[in-house]
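**Q** I have a structure here, written as structure tokens, and I will follow up with some questions on it.
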Amino acid sequence: MAADLGKQNIRFTMLMNRIERFTLKDLFLLGKFFDLDERKIFELAYRQYLQQKKQKSL
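Per the numbering used here, residue 361 is the first one in the sequence shown, and the count goes up by one each step.
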């Protein structure tokens with residue numbers, strides 16, 4: 361998956377752990393791999409962002 365986005369595995373893992381660092385272009389490309397439209401992948405990323413934000417504040 362990382363290679364398909366043009367990212368190294370370490371960088372991709374960092375992006376997954378800090379979802380806000382993904383670009384919209386990367387998110388939309390990722391969505392295409394899973395047959396998700398732009399709105400759906402954005403909503404999923406936003407929910408993940410809120411979850412990560414909540415965990416960091418604990």
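All C-beta atoms in this analysis are idealised placements derived from N, C-alpha and C, irrespective of residue type, glycine included.
Rank Q411, F388, L410 and I379 by C-alpha distance to the C-alpha of K400 and give the top, closest one.
**A** With distances taken between Cα atoms, K400 lies closest to F388.
**Q** For I379 and Q412, which I take to be in contact (beta-carbon distance under 8 angstroms), what is that distance rounded to the nearest angstrom?
**A** Right, the Cβ-Cβ distance comes to about 6 angstroms (below 8 angstroms), so this counts as a contact.
**Q** Quick check: what's the CA-CA separation for T373 versus L404?
**A** In a straight line, the C-alpha of T373 is about 17 angstroms away from that of L404.
**Q** List the endpoints of the continuous alpha helix (DSSP H) containing Q411.
**A** Looking at the DSSP string, the run of the alpha helix (DSSP H) that includes Q411 is E398 to K416.
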